[in-house]
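In UniProt numbering, the protein residues as written are 1 to 124.
Using N, Cα and C, we set each Cβ at its ideal position, and we do this for glycine too.
Bear in mind that the values here come from a model prediction, so they are computed numbers and not experimental data.
Structure record follows, encoded as structure tokens.
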Amino acid sequence: MNLTDLPPREHLPGQRSGGDQRWPGPQLVVIRGPGPTKGVALPLDRDLTALGSHPDAEIVLRHGTVSRRHARIRRDGERYVVCDSGSLTGTYVNRLPVDCADLAAGDEIRIGVFRMLFQLPDAF
């Protein structure tokens, strides 16, 4: 999925009036990035999701601050773990640099100039 090919969203998939937000699975929602990427929801529907600027990544983040193979998110049962893949600029969770870190609903992941919110469907 190439982030630059997706239109921005004004709300999350399945959002209902009154603030009841539901979606089918875990996802990253872009909260800051270049161009019209804010609000784009990126599903994490695989056991291993690669993020980077390389066209073969499951989530392509095209920007000079993003390494070709920047990071990966691995599903391990009910857990989700983000790991840096040896990137130049690092991977951050809640503003702290990480090699690998367990993710919790509401965590902010930074990859280059992109800031994304990790969301789980039953966290609300």
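The C-alpha of V81 lies about 18 Å from the C-alpha of A41. Closest in alpha carbon position to T89, among R75, E78, L117 and G64, is G64.
Cβ contact annotation for P97 (same chain, cutoff 6 Å, sequence separation greater than five): G90, in chain order. Boundaries cannot be given for G106, as no beta strand (DSSP E) includes it and DSSP labels it neither H nor E.
For the set S53, V60 and R115, the Cα lying nearest the Cα of V29 is the one of R115. Within the model, the alpha-carbon separation for P121 versus G106 is close to 11 Å. For D122, there is no enclosing beta strand (DSSP E), as DSSP gives it neither H nor E. Residue pairing by DSSP leaves I31 without any beta bridge partner. Out of K38, V66 and I73, the CA that lies nearest to the CA of V113 is found in V66.
DSSP lists I73 as the beta-bridge partner residues of T49. For D84, the three-state secondary structure derived from DSSP is strand.
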